[in-house]
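Enquirer: Residue numbers (the numbering used here): 135 to 287.
Built from N, CA and C at the ideal position, the CB exists for glycine as well.
Would you mind keeping the following structure in view while I ask a few things?
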């Protein structure tokens, strides 16, 4: 029972089992969680993310060990949290959300430095999760900077 719950969490409540582009579905799940938690306010959203990091890393690691693969494609909880982080401090408007989604997916797929550094410096669930959190942090930083510049100009 516990193993099934961990697998359900690691797969983003089953999104990782969708046959095409599981990482993109996981990212969409992160967008949905962000949207559903918007009424909580950014402070509580940030706290929710912080509280989720360690259990998420443990779940991702357990799923990887259970599958015998380093980073199984069905594990998308990392995309859920990475996308959530990318959106965390953005204005909730469709153009910015769409840009965040595309930028996060690009960084997650291409894994430029320092995103790739997370997989090299860490192992197990931490490596699975931290590269997506780095992609989310970079995406968020770029888009927040653009938001600020567009309001100043």
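Suppose contacts are defined by Cβ-Cβ distances below 9 Å. Is residue 264 in contact with residue 191 by that definition?
Expert: Yes, Cβ-Cβ distance for residue 264 and residue 191 is below 9 Å.
Enquirer: Classify residue 243: buried if its beta carbon has 16 or more other beta carbons within 10 angstroms, exposed otherwise.
Expert: Result: exposed.
Enquirer: Near residue 180, what residues of its chain come up, given a Cβ to Cβ distance below 7 Å and the 5 sequence neighbours on each side ignored?
Expert: Cβ within range, chain order: 222.
Enquirer: State the DSSP-derived secondary structure class of residue 175, mapped to helix, strand or coil.
Expert: In this structure, residue 175 counts as coil in the three-state DSSP scheme.
Enquirer: Looking only at its own chain, which residues have a Cβ that is under 8 Å from the Cβ of residue 198, when we skip the five neighbours before and after it?
Expert: Closer than 8 Å at Cβ, skipping near neighbours: 204, 205, 206, 209, 258, 259, 262.
Enquirer: Just checking my contact of residue 224 with residue 277 at CB under 8 Å: how many whole Å lie between their CB atoms?
Expert: That belief holds up - the Cβ atoms of residue 224 and residue 277 are roughly 6 Å apart, short of 8 Å.
Enquirer: Would you tell me roughly how many angstroms separate the C-alpha atoms of residue 137 and residue 266, rounded to the nearest one?
Expert: In a straight line, the C-alpha of residue 137 is about 23 Å away from that of residue 266.
Enquirer: What first and last residue would you give for the alpha helix (DSSP H) that runs through residue 137?
Expert: Taken as a continuous stretch (DSSP letters only), the alpha helix (DSSP H) holding residue 137 covers 136–144.
Enquirer: What residue from 169, 219, 212 has the CA that sits closest to residue 147's CA?
Expert: Checked all of 169, 219, 212; the closest Cα to residue 147 is 212.
Enquirer: Just curious, the alpha helix (DSSP H) that residue 258 is in, first and last residue?
Expert: Element bounds for residue 258: 258–286.
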